[in-house]
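Worksheet: the structure to be examined is printed underneath.
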Amino acid sequence: MLNLHEMFASLQGEGPHTGRPAFFIRLAGCVAPLCPWCDTKGAWEDGTEVSVENLLDAVKDSGHRFVVITGGEPLRQWDAGLCELDTALAERGIAVQYETSGKVPVPEGIRGEVILSPKYLDGSWHVDRKSVARAGHLKFVASEETLPVIDAFVADHALEKERVWLMPLGMTRDDQIENMPVVWDHCVKMGYRMASRLHILAFDTKKGI
107 MLNLHEMFAS
117 LQGEGPHTGR
127 PAFFIRLAGC
137 VAPLCPWCDT
147 KGAWEDGTEV
157 SVENLLDAVK
167 DSGHRFVVIT
177 GGEPLRQWDA
187 GLCELDTALA
197 ERGIAVQYET
207 SGKVPVPEGI
217 RGEVILSPKY
227 LDGSWHVDRK
237 SVARAGHLKF
247 VASEETLPVI
257 DAFVADHALE
267 KERVWLMPLG
277 MTRDDQIENM
287 PVVWDHCVKM
297 GYRMASRLHI
307 LAFDTKKGI
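When we follow this note's numbering, the leftmost residue of the sequence shown carries the number 107, and every step to the right adds one.
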């Protein structure tokens with residue numbers, strides 16, 4: 107059984123699949139240290155127990171062929187049923203994207219695509235080093251102040267620039283737009299990729315998108 111916070115159909119608002127229609131499965135629970143800026147703090151709490159079969163039925167009923175599994179920290183439930191769901195979705199030809207912080211090691215043999223968003227808290231990165239290597243792409247929420255720290259992380263892990271995505275910091279539309287020019291210029295300079303946080307641009311602070 108998996109602990110579910112919510113599931114819904116929407117567009118992917120971040121990263122390499124920005125704008126792509128998707129069915130979201132947001133699993134409950136996260137891993138310390140918790141991020142004070144998190145925009146889904148409700149997912150930190152226990153949710154509803156749901157079977158893999160029920161989730162597969164929900165995906166089928168949605169009609170979507172692209173599923174985003176997020177949290178919280180979804181990979182903390184790998185042994186509780188997520189491994190089974192990963193296999194079942196792959197066998198049905200459903201494309202899957204995992205959104206993880208990398209605090210929990212990315213399992214070997216995971217079938218879905220891993221998008222890792224490392225968290226920098228209290229002066230250090232909280233991420234499993236092997237997970238960085240297993241991720242297809244890495245996303246960083248960036249502002250002028252955080253760019254040197256991100257550059258150092260990229261260099262330390264010898265990351266290919268095309269795997270690195272910067273998104274302008276901002277919990278509101280205005281804040282995100284304000285940070286866009288500096289992030290844009292830095293991506294041009296360093297060879298990183300840039301993505302908006304599309305849901306914030308479209309709906310500002312509205313939740314449940």
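Each residue gets a CB set at the ideal place from its N, CA and C atoms; glycine is no exception.
Note that the structure is a prediction, hence the values are computed from the model and not measured.
What is the rounded straight-line gap between the Cα of Arg240 and the Cα of Glu120?
Walking along the sequence shown from the start, residue 240 turns up at place 134. Walking along the sequence shown from the start, residue 120 turns up at place 14. Computed Cα separation, rounded: 19 Å.
Just grab the DSSP bridge partners of Trp271 for me.
In the sequence shown, the residue the question calls residue 271 occupies position 165. DSSP links Trp271 through a beta bridge to Lys245 and Arg299.
Using 7 Å as the cut-off, classify the Cβ of Glu197 as near or not near the heavy atoms of the ligand ADP, replying yes or no.
As presented, the structure is devoid of all ligands, the ligand ADP included, so that no description of it is given.
Cβ-based neighbour list, His305, same chain, cut-off 7 Å, excluding 5 preceding and 5 following
Here residue 305 refers to the residue found at position 199 when the sequence shown is read from its first residue. Hits under 7 Å: Gly119 and Ile315.
Straight-line Cα distance separating Leu110 from Gly153
Taking the sequence shown and counting its residues from 1, the one referred to as residue 153 is at position 47. Taking the sequence shown and counting its residues from 1, the one referred to as residue 110 is at position 4. C-alpha separation (whole angstroms): 5 Å.
Three or more C-beta pairs under 8 Å: does that hold for the stretch 244 to 258 against the stretch 283 to 302?
Taking a cut-off of 8 Å on C-beta distances, the stretch 244 to 258 touches the stretch 283 to 302, as three or more cross pairs fall below it.
Taking C-beta to C-beta, are Gly218 and Val238 nearer than 8 Å?
Within the sequence shown, residue 218 is the residue found at index 112, counting from 1. Within the sequence shown, residue 238 is the residue found at index 132, counting from 1. It is not a contact, given that the beta carbons lie outside the stated cut-off.
Between which two residues does the alpha helix (DSSP H) holding Arg235 run?
Within the sequence shown, numbered from 1, the residue matching residue 235 stands at position 129. Arg235 to Arg240 is the span of the alpha helix (DSSP H), which, as asked, contains Arg235.
Locate the beta strand (DSSP E) running through His111, then write down its first and last residues.
Stepping through the sequence shown from its first residue, residue 111 is reached at position 5. Bounds of the beta strand (DSSP E) holding His111 are Leu108 to Leu117.
Quick check on DSSP: helix, strand or coil for Glu179?
Locating residue 179 in the sequence shown gives position 73, counting from the first residue. Coil at Glu179, not helix or strand.
Who does Thr154 pair with in a DSSP beta bridge?
On the sequence shown, position 48 is the one that residue 154 refers to. Thr154 is bridged to Leu110.
Decide if Leu227 is buried, meaning its Cβ has at least 16 other Cβ atoms within 10 Å, or exposed.
In the sequence shown, the residue the question calls residue 227 occupies position 121. Leu227 comes out exposed.
Which term fits Pro180, buried or exposed, when burial requires 16 or more other beta carbons within 10 angstroms of its beta carbon?
Walking along the sequence shown from the start, residue 180 turns up at place 74. Looking at its Cβ environment, which holds 16 or more other Cβ atoms inside 10 Å, Pro180 is buried.
What's the C-alpha gap between Ser230 and Asp167?
For this step, residue 230 is matched to residue 124 along the sequence shown. For this step, residue 167 is matched to residue 61 along the sequence shown. It is roughly 43 Å from the alpha-carbon of Ser230 to the alpha-carbon of Asp167.
Report yes if the C-beta distance between Ile200 and Ile131 is below 8 Å; otherwise report no.
Position 94 of the sequence shown holds residue 200. Position 25 of the sequence shown holds residue 131. No; because the gap between Cβ atoms is not below 8 Å, this pair is not in contact.
Just the Cα atoms here: how many angstroms apart are Gly148 and Leu133?
The sequence position of residue 148 within the sequence shown is 42, counting from 1. The sequence position of residue 133 within the sequence shown is 27, counting from 1. Roughly 11 Å between the two C-alpha positions.
Should Leu275 and Met300 be called a contact, given that it needs their Cβ atoms to be closer than 8 Å?
Here residue 275 is taken as the residue at index 169 of the sequence shown, counted from 1. Here residue 300 is taken as the residue at index 194 of the sequence shown, counted from 1. It is not a contact, given that the beta carbons lie outside the stated cut-off.
Cβ neighbours of Arg171 in the same chain (closer than 8 Å, five flanking residues each side left out):
Against the sequence shown, residue 171 aligns to sequence position 65. Gly199, Ile200 and Ala201, listed in sequence order.
Span of the beta strand (DSSP E) around Leu222
Sequence index remark: in the sequence shown, residue 222 carries index 116 (1-based). Here the beta strand (DSSP E) through Leu222 covers Glu219 to Leu222.
For a test of the three-state rule: what should DSSP assign to Pro127, helix, strand or coil?
Your numbering for residue 127 matches position 21 in the sequence shown. Reduced to three states, the DSSP call for Pro127 is strand.
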